[in-house]
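Just below is one structure, and these are the notes that go with it.
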Amino acid sequence: MPDLETFREEVREWIEENCPPSKRGPDRDREEVWGGRNAVYKNPDSKLWLDRMAARGWTAPTWPKEYAGGGLSAEEAKILRQELRRAGCRMPLVSFGLLMLGPVLLEFASEGQKQEHLPKIVRGEIRWCQGYSEPGAGSDLASLQMRAVLDGDEYVVSGQKIWTSYADKSDWMFCLVRTDPDAPKRDGISFLLIDMASPGVSTTPIKLISGSSPFCQAFVENVRVPKKNLVGKVNGGWTIAKRLLQHERLMISDAGLGLTGPPRSLEGLARKYLACPEGPLPDPALRDRLVQHMMDDECFKLTLQRSAEAAKAGQGLGAASSMFKLYGTEMNMRKYELMVSLLGTQALGWEGEGFTPDEIAIAREWLRSKGNSLEGGTSEIQLNIIAKRVLGLPD
Amino acid sequence: MPDLETFREEVREWIEENCPPSKRGPDRDREEVWGGRNAVYKNPDSKLWLDRMAARGWTAPTWPKEYAGGGLSAEEAKILRQELRRAGCRMPLVSFGLLMLGPVLLEFASEGQKQEHLPKIVRGEIRWCQGYSEPGAGSDLASLQMRAVLDGDEYVVSGQKIWTSYADKSDWMFCLVRTDPDAPKRDGISFLLIDMASPGVSTTPIKLISGSSPFCQAFVENVRVPKKNLVGKVNGGWTIAKRLLQHERLMISDAGLGLTGPPRSLEGLARKYLACPEGPLPDPALRDRLVQHMMDDECFKLTLQRSAEAAKAGQGLGAASSMFKLYGTEMNMRKYELMVSLLGTQALGWEGEGFTPDEIAIAREWLRSKGNSLEGGTSEIQLNIIAKRVLGLPD
Amino acid sequence: MALVLSEEQELLQQTAQEFVKERSPVAKLRALRDTQDPVGFSRELWKEMAELGWAGIVVPEDYGGAGLGYAELGLVIEECGRNLVAEPFLSTVLLGGNAVLLAGNETQCKEVLPDVCSGERIVALALQETSRHDPYRIALRAEARGDGYRLSGEKLFVLDGHVADQLVVVARTSGEITDRDGITLFLVNADAKGVKATRTLMVDSRNAARVHFDGLELDRSAVLGEVDRGAAVLDRVLDRATIGLCAEMLGGIQEAFERTLKYLKERQQFGVPIGSFQALKHRAGNMFCEIELARSIVMEALRALDEDRPSVSQLACTAKARCADAYFLIGNEAIQMHGGIGVTDEEEIGFFLKRARVAQMTLGDAAYQRDRFASLRGF
Amino acid sequence: MALVLSEEQELLQQTAQEFVKERSPVAKLRALRDTQDPVGFSRELWKEMAELGWAGIVVPEDYGGAGLGYAELGLVIEECGRNLVAEPFLSTVLLGGNAVLLAGNETQCKEVLPDVCSGERIVALALQETSRHDPYRIALRAEARGDGYRLSGEKLFVLDGHVADQLVVVARTSGEITDRDGITLFLVNADAKGVKATRTLMVDSRNAARVHFDGLELDRSAVLGEVDRGAAVLDRVLDRATIGLCAEMLGGIQEAFERTLKYLKERQQFGVPIGSFQALKHRAGNMFCEIELARSIVMEALRALDEDRPSVSQLACTAKARCADAYFLIGNEAIQMHGGIGVTDEEEIGFFLKRARVAQMTLGDAAYQRDRFASLRGF
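Chains as they are written, first to last, in this note's numbering: chain D, 142 to 536; chain A, 142 to 536; chain R, 11 to 389; chain B, 11 to 389.
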């Protein structure tokens with residue numbers, strides 16, 4: 142292993158040479174890249190940046206090189222993150238494949254499946270979506286009904302998924318299906334990969350209270366899926382499902398994804414909308430709520446940091462992902478309520494004249510935030526998990 | 142029925158002639174009378190006032206005259222209350238017999254039992270205590286273990302009660318006992334009246350976090366109780382028990398009893414301890430909490446009033462007693478926390494120098510208030526009742 | 011007056027319940043929104059409501075009203091609140107109408123109020139100038155010019171401002187920007203030269219507008235009430251409107267809660283109705299208490315208006331603070347307990363959340379009301 | 011510095027845990043209370059703790075200390091907080107000791123600190139004059155007289171004030187009653203003429219006193235630090251003491267929570283452990299999150315002290331606000347979940363509730379801290 146400071150030097154130089162200037166700094170034009178067969182690059186530099194990063198495997202820094210990953214150690218990956226942040230580089234690729242599917246494939250998939258799917262994820266060639274929830278299986282995910290019946294070398298799959306983010310834009314779906322309807326419900330579930338281009342797959346978007354949304358319903362009717370697309374053991378999908386949920390919760394509680402909206406200075410908003418350019422804010426109740434949020438935010442960030450450090454030092458916090466999902470989303474929702482209180486009636490515009498684009502954005506994000514405590518496992522489910530797994534309270 | 146206004150005139154005159162001046166106005170010296178074989182009268186006028194009221198049956202205004210009650214209609218009783226309040230008369234008698242036992246005896250007891258016990262309650266001759274909770278039967282009251290075994294014409298009773306207020310000062314105890322250990326737990330309970338002077342009954346007081354308390358443990362060892370002291374049907378005590386709990390909850394949520402401490406002007410305390418004799422209070426956070434309490438208090442009182450009026454008009458609020466027990470006690474606890482915040486460290490004195498008697502009283506009452514949400518059925522039990530009985534949510 | 015309904019009131023409530031449920035369910039608001047209806051409510055339906063006497067319940071008979079009380083008006087508005095009715099009770103009856111009734115002279119009342127009662131005239135109150143309710147913060151100047159006034163400035167969040175026939179404009183005739191003295195009310199025709207209203211689309215799909223005044227010339231006869239002394243009458247108008255708004259909120263709170271209870275009983279997860287989970291039961295039990303307390307204070311405040319009690323302002327503050335907090339709580343809990351379906355546009359419960367937040371901010375949120383209460387009590 | 015413990019720190023924590031659990035469990039505080047112990051803690055135990063080096067952890071080696079950091083001191087105090095230890099960490103190490111360390115000259119430090127480190131001297135800070143923390147509100151006058159000063163006035167809630175050997179007195183040498191300027195610190199022997207300390211018995215059975223100064227004559231050498239410029243050093247003392255107090259509170263919070271969890275698992279009602287009821291589970295889950303967040307900020311604040319970061323004051327505010335709220339929540343929930351037994355004096359959980367409320371008010375409650383935080387940030 143080369144010396145870490147040498148590595149840092151190399152990374153720094155590589156970034157200087159390879160990251161296009163237009164891919165640095167805040168992403169004001171929402172140029173994020175999701176990849177896939179129909180990838181959209183608002184800015185040609187985005188493709189350049191993705192291809193260069195993917196060529197080194199640095200979209201998935203710690204994945205093994207044999208699957209096109211970066212092959213970095215945890216320490217090296219940290220240095221890479223630090224240097225990318227230092228240089229203000231944007232993420233080359235936003236991908237459920239990278240954040241959710243990849244880690245469980247590495248843990249549970251066959252060699253052939255890894256070879257087949259991981260490199261395409263690293264390079265952003267295939268865009269994945271998550272087929273978990275169904276209309277009758279939300280918090281009680283294990284009661285899912287989508288059936289997969291073996292017929293020769295193929296499964297015949299039928300059923301309906303809901304809350305499938307970007308299903309309409311994705312190439313493949315990782316999916317929970319019922320392979321044994323007679324077993325206890327958690328024991329009859331398998332983890333299956335479905336090509337969305339297969340005949341019988343269709344999607345419709347879901348409109349939310351905040352307006353349009355990335356969520357879809359996905360309809361699967363007699364779709365034939367090769368047997369080799371089943372990950373892990375037949376009827377052994379629940380273990381994989383739960384592991385993947387942990388990755389999802391971390392992704393959601395991580396400010397980068399899932400939580401809505403760009404960072405804004407709440408103090409700045411307060412000063413603007415309370416018409417108080419300097420000195421003590423004139424509304425003590427709002428001032429107190431503003432401080433509460435700032436304190437909550439600081440404590441939460443420190444807890445994320447402590448958890449990461451503890452994990453590295455082998456002093457795990459236990460069920461940390463549930464705590465972060467719960468607290469992070471509840472705090473985000475409180476933040477938007479605070480913003481609405483700060484902006485007053487200017488935060489309650491829907492569209493059209495009389496509001497700035499940012500005011501409209503805040504109104505929409507405020508409404509969107511109401512889903513935070515539901516998606517990726519409700520707050521109630523997280524509390525159940527904490528009570529059981531961390532606190533050891535009896536069923 | 143005589144005209145109600147004539148009745149009002151009569152009552153007013155009677156009060157003028159019969160209520161001793163020393164029994165009017167705020168009870169600064171805590172002269173309340175509990176009656177019983179060992180009744181204590183700090184002020185001889187107290188006995189006079191009790192005897193005069195009892196002679197007319199007005200300690201129990203609506204009970205039938207045949208049991209020494211006042212025999213008044215609901216309208217007349219309301220007028221009596223109004224006139225007593227108008228003249229500032231204090232309650233002649235504080236009594237669990239009047240507030241809890243009497244109403245259920247009227248509903249469930251035999252004629253002989255009514256004749257035996259009700260007049261003595263009206264006249265304050267017998268002081269009653271409540272033998273309900275046991276160390277292993279708190280919220281799950283129906284799991285009580287005190288056994289009563291029939292032996293000839295007597296029950297032989299053994300077991301232990303806890304949280305029995307004033308057991309050490311009471312003459313009789315109304316008591317839940319298990320008469321059938323094999324039946325489902327609610328079907329083996331009977332309602333029994335026990336003379337505390339019987340051999341085998343003993344009590345020890347319970348010290349609370351606030352200091353000494355009226356609560357006791359009551360030990361009953363092979364106590365022989367005449368069969369005729371069983372109220373209602375054998376093994377049919379649970380129905381009576383629940384009805385009595387409704388009366389208890391109303392008593393506790395009613396500011397008169399159960400809740401701790403005399404009325405105080407919170408605004409006055411704020412002005413004194415924030416050193417702000419006039420104008421806006423300098424601490425906006427405390428000012429806001431003060432207003433919140435005033436508003437809560439106003440809304441709660443109006444709800445009590447509305448419930449009383451609705452009951453009369455046949456438009457019941459449903460499980461109102463649980464709502465009042467829950468909200469009244471939680472609000473009282475918040476009020477004491479507010480008082481502690483207003484008084485600062487002066488509210489946290491235990492005894493001795495450096496604190497006024499009222500400061501010490503507030504500290505003790507604050508600690509005592511922590512029992513409010515537990516005694517008479519915990520807040521959680523009240524929420525269960527509301528969810529089930531009012532909202533119809535499934536088990 | 012008692013906190014229970016009389017037989018007549020129960021009858022009125024029943025009529026209102028049936029009419030509103032039949033003629034203006036929540037789907038009506040959705041249709042107005044989705045068709046981008048330029049009026050934002052149904053003028054025809056409003057006339058029908060007026061024919062039932064609802065627009066003039068609290069207007070004296072001399073001006074075409076029924077001369078009844080707020081206890082009655084509150085019942086009707088509560089039923090409207092249950093169904094998120096968009097018709098202009100708040101703007102025209104409670105705000106604009108009351109401003110004319112309380113401040114206007116006989117001529118003005120005779121000119122305006124019969125048309126309000128018949129549903130033919132919409133009158134809006136142009137008050138707010140910043141993004142929050144702050145009634146004495148009036149910068150819009152009315153300068154004396156000869157025998158009249160000249161108005162320039164802008165008003166925000168004028169309810170039904172873009173469809174109003176007349177506007178009651180709160181303007182400054184003297185004093186500094188936040189002075190209570192120096193405020194004057196003017197009655198202005200919406201089509202007058204120098205008045206320009208722009209609709210602002212709100213999240214709750216209810217009407218509001220920005221109104222711009224650019225050198226509007228007014229005759230002295232446009233003054234409503236006394237010059238420079240408008241704050242006193244404005245206080246009374248706002249108390250009435252606030253209490254009326256609380257009746258609307260109470261209806262929305264009750265409806266959102268009942269829909270949630272229904273869902274808790276129907277929705278199955280883990281093989282049982284989700285309403286059997288104790289954590290949700292306890293939250294529902296606490297909501298029930300909050301609603302009962304809100305109902306008590308709203309009823310009391312409505313009755314205090316009818317009896318003209320001196321405590322009206324304090325009761326208005328208390329009612330609004332409590333309804334704002336309760337609607338906030340129940341609006342959010344309703345969504346959470348409905349789960350994912352609760353955040354879809356297809357499910358109606360989201361409309362209640364949106365209305366809750368707008369109503370919360372309208373005429374002052376809970377923090378504003380508590381601050382005002384303390385000021386009224388002198389501490 | 012990382013937010014995880016080093017091996018050395020883990021060892022120290024373990025030592026402290028074992029020692030405190032063995033030598034000073036909660037029963038010790040009860041015994042001090044029930045025997046009406048005149049000192050209010052054990053001088054012998056304090057000396058033993060000092061021998062372990064705990065009293066001097068953060069004192070430089072030159073003055074008899076270990077020269078370690080707050081990260082280490084915090085671990086020890088946290089274990090003490092778990093067992094409601096009454097020994098004088100807050101008064102002597104965090105308040106009085108720090109005042110001497112930060113403001114004193116070499117002579118003063120050499121005279122006082124070695125005795126503090128050895129546990130032989132108790133030093134208290136006489137600051138508060140009303141019923142709440144308000145550090146610049148100093149009315150107690152120190153009038154210049156010849157070559158010295160004359161002090162008159164009264165101090166409240168002086169922690170360990172009646173058993174202190176020396177007092178650091180915060181007095182006004184110039185300016186008006188709430189001015190930040192004009193505050194001076196004095197080092198005073200408790201047995202000096204004109205000083206009278208009266209013990210005040212608090213609900214948490216911990217020590218406090220009223221101290222009366224009646225024309226106390228002081229030499230110029232009694233001044234600690236600069237005349238009129240005491241506020242700057244006072245701020246630093248209070249930040250350190252506040253963060254140290256938070257470590258104590260964190261220990262109490264954690265212990266009260268663990269005891270409650272244990273009870274939830276043991277206590278049976280309706281044939282099952284009460285910890286199986288979902289409503290209680292969810293409340294416990296929320297408490298867990300609050301505690302984890304409190305732990306993070308306390309660790310960070312301790313490390314910020316050791317690194318002398320400019321953010322120390324803001325972190326102190328944040329830590330205290332959060333610990334105050336968390337201890338309040340968990341103290342009350344602990345009682346409620348223990349049920350009736352929780353409000354008996356026999357059960358130890360009530361001691362945590364009492365300590366929670368006193369600690370909450372000590373050195374400023376959550377509202378005070380949030381207000382200070384906003385002021386520090388300039389809004």
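Backbone N, C-alpha and C fix where the C-beta goes; we use that ideal spot for every residue, glycine too. Keep in mind it's a predicted model, so treat the numbers as computed, not measured.
Note on the region 357–434 of chain D: whole beta strand (DSSP E) runs with a minimum of 3 residues are 357–367, in chain order. The region 164–237 of chain B contains, as complete beta strand (DSSP E) runs of 3+ residues, the segments 176–182, 193–199, 205–209 and 218–229 (chain order).
Only those residues of the region 267–292 of chain R whose C-beta falls short of 7 Å from the nearest C-beta of chain D are listed: Q279, F280 and A289. Taking 7 Å as the cut-off between beta carbons, the residues of the region 407–440 of chain A near chain D are P425, A426 and D429, in sequence order.
A residue is called buried once 16 or more other Cβ atoms fall within 10 Å of its Cβ, and T117 of chain B, having fewer, is exposed. Under the Cβ criterion of 8 Å, E82 of chain B is not counted among the residues facing chain D.
For the set B:E82, B:W64, B:N217 and B:A81, the Cα lying nearest the Cα of G75 of chain B is the one of B:W64. Per DSSP, the continuous beta strand (DSSP E) segment holding W269 of chain A begins and ends at W269 to G272. Taking a beta-carbon distance threshold of 8 Å, R380 of chain R counts as an interface residue toward chain A.
The distance from the Cβ of N363 of chain D to that of G329 of chain D is about 20 Å, inconsistent with a contact at the 8 Å cut-off.
For I503 of chain A, the nearest beta carbon of chain B is not closer than 8 Å to its own beta carbon.
Between the beta-carbon of E172 of chain A and that of N184 of chain A there is about 5 Å, and that keeps the pair under the 8 Å contact cut.
Within the region 69–99 of chain B, no run of beta strand (DSSP E) reaches 3 residues while sitting entirely inside it. Any Cβ of chain A closer than 8 Å to the Cβ of M371 of chain B would place that residue at the interface, and such an atom is present.
The DSSP-derived three-state label of Y378 of chain R is helix.
Between E139 of chain R and L150 of chain R, the C-beta gap is smaller than 8 Å, which places the two residues in contact. If you compare the alpha carbons of R:D157, R:Q264, R:V179 and R:T354 with that of Y146 of chain R, the shortest gap goes to R:V179.
Rounded to the nearest angstrom, the gap between the Cα atoms of C230 of chain A and G212 of chain A is 21 Å.
For secondary structure counted as the alpha helix (DSSP H) over 4 or more consecutive residues, the region 119–169 of chain B holds no complete run.
Closer than 8 Å to the CB of T252 of chain R there is not a single CB belonging to chain A.
For F287 of chain R, no beta strand (DSSP E) encloses it, and the DSSP letter there is neither H nor E.
Here DSSP, grouped into helix, strand and coil, assigns R319 of chain D to strand.
Against chain B, the CB of I527 of chain D has a partner CB under 8 Å away; the residue lies at that interface. Interface flag for A451 of chain A against chain R is set, since a Cβ pair is found closer than 8 Å.
Rounded to whole angstroms, the gap between the alpha carbons of G300 of chain D and P322 of chain A is 53 Å. The residues T320 and S331, in chain order, have a CB closer than 6 Å to that of V375 of chain D in the same chain once the five nearest residues on each side in sequence are set aside. For the 8 Å CB-CB criterion, A152 of chain B and T183 of chain B form a contact.
Taking 8 Å as the threshold, the shortest C-beta distance from A334 of chain R to chain A does not fall below it. In the structure shown, the three-state DSSP call for C256 of chain B is helix.
Among the bridge pairs identified by DSSP, I330 of chain D is matched with D:R319. The alpha-carbon of T328 of chain R is positioned some 24 Å away from that of Q23 of chain R. The three-state secondary structure of W56 of chain R, taken from DSSP, is helix. Bounds of the alpha helix (DSSP H) holding A334 of chain R are V322 to H348.
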